[in-house]
Amino acid sequence: MKEDRYTSCNVQIFWTETVVDRVRIPLDATSVPDGRFTLDQTYNPPRADYAKVGDPPGNRFNSHFATCKKKGEK
Ligand SMILES: [Zn+2]
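As numbered in the working numbering, residues 1 to 74 make up the sequence shown, in order.
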């Protein structure tokens with residue numbers, strides 16, 4: 001998985017694909033206990049799946065689309 005910086009705000013993220021739709025999304029590089037997504041390591045590279053109750057907090061991330069402070073800015 002390739003770490004990167006989001007173009008508009010320079011925050012560290014990594015790009016991954018969702019398990020179901022294989023949509024490319026940027027996840028915040030820092031995990032958060034209540035993150036909406038979890039990484040499914042059975043894929044290589046790992047893909048993002050919706051987090052479920054009981055998923056370990058260290059493996060939960062938010063989409064940077066949701067957390068970006070520059071959302072909507074060009
Ligand atoms: Zn951002």
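The beta carbon of each residue, even a glycine, is placed where N, CA and C say it ideally should be.
These numbers were taken from a predicted model, which means no experiment stands behind them.
Closest residue to residue i among the options (Cα-Cα distance)
{"i": "V19", "options": "D4, R36, D40, P26", "result": "D40"}
{"i": "D28", "options": "T38, R36, I13, R22", "result": "I13"}
{"i": "R22", "options": "T30, Y50, F61, G58", "result": "Y50"}
{"i": "P46", "options": "V53, S8, E17", "result": "E17"}
DSSP state of residue i mapped onto helix, strand, coil
{"i": "T67", "result": "helix"}
{"i": "P26", "result": "strand"}
Residue i: CB within 7 Å of a non-hydrogen atom of ligand 1
{"i": "K70", "result": "yes"}
{"i": "S8", "result": "yes"}
{"i": "V32", "result": "no"}
{"i": "V20", "result": "no"}
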